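A.B. asks: Just so we're aligned: 356 in this note's numbering is position 55 of the sequence shown, and the numbers increase by one with no gaps anywhere. Note that beta-carbon positions come from the ideal geometry of N, C-alpha and C, so glycine has one too. The structure displayed is predicted, hence computed values, not measured ones.
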Amino acid sequence: MGELSKSLAVVLLFVSLASCQALTGKTAGENIDDGNITASVNATLVADKASNFLRIDVDTNRGVVSLNGIVDSPEQKTRAEDLARRVQGVKRVINNLQVAQR
């Protein structure tokens, strides 16, 4: 890759990071941290053998984790929140999970 191409790639990287910050109001570091937290919460939920948490959507904004979706019981709703709360970097959990009607 030529020097001009490298320079252009670096400029484009910084422009894209700046535009992400402008759109979300978060720094690139905050976006990365939130992505890591979301991935860790998802992995923790999927690894839980006691429950089926495949219908849970996880979103993170500045360390605040939102859980949305459907679980089979009130106990699963509580367990999902507890598991998410234990993940490093989580500041708070907003539990919007709904218990499926039987």
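Alpha carbon to alpha carbon, how far is Ile371 from Ala329?
C.D. replies: Near 31 angstroms, if we compare the C-alpha coordinates of Ala329 and Ile371.
A.B. asks: Leaving out the 5 sequence neighbours to the left and right, which residues in its chain are closer than 7 angstroms to Val388 when beta-carbon positions are compared?
C.D. replies: Closer than 7 angstroms at the Cβ level, and outside the excluded window around Val388, lie Ile338, Ser341, Val342 and Thr345.
A.B. asks: Tell me which residues share the same chain as Asn396 and place their Cβ nearer than 7 angstroms to its Cβ, disregarding the 5 neighbours each side in the sequence.
C.D. replies: Excluding residues within five positions, the ones whose Cβ falls inside 7 angstroms are Leu368, Lys378 and Glu382.
A.B. asks: For Asp358, count neighbouring Cβ atoms within 10 angstroms of its own Cβ and tell me buried if that reaches 16, exposed if not.
C.D. replies: So Asp358 counts as exposed.
A.B. asks: Once DSSP output is grouped into helix, strand and coil, what is the label at Arg386?
C.D. replies: Of the three classes helix, strand and coil, the one that applies to Arg386 here is helix, per DSSP.
A.B. asks: Which term fits Leu398, buried or exposed, when burial requires 16 or more other beta carbons within 10 angstroms of its beta carbon?
C.D. replies: Classification of Leu398: buried, given that the 10 Å Cβ count is 16 or more.
A.B. asks: For Asp373, which residues in the same chain have their Cβ closer than 6 angstroms to its Cβ, ignoring the five residues on either side in sequence?
C.D. replies: The answer, listed in chain order, is Ala401.
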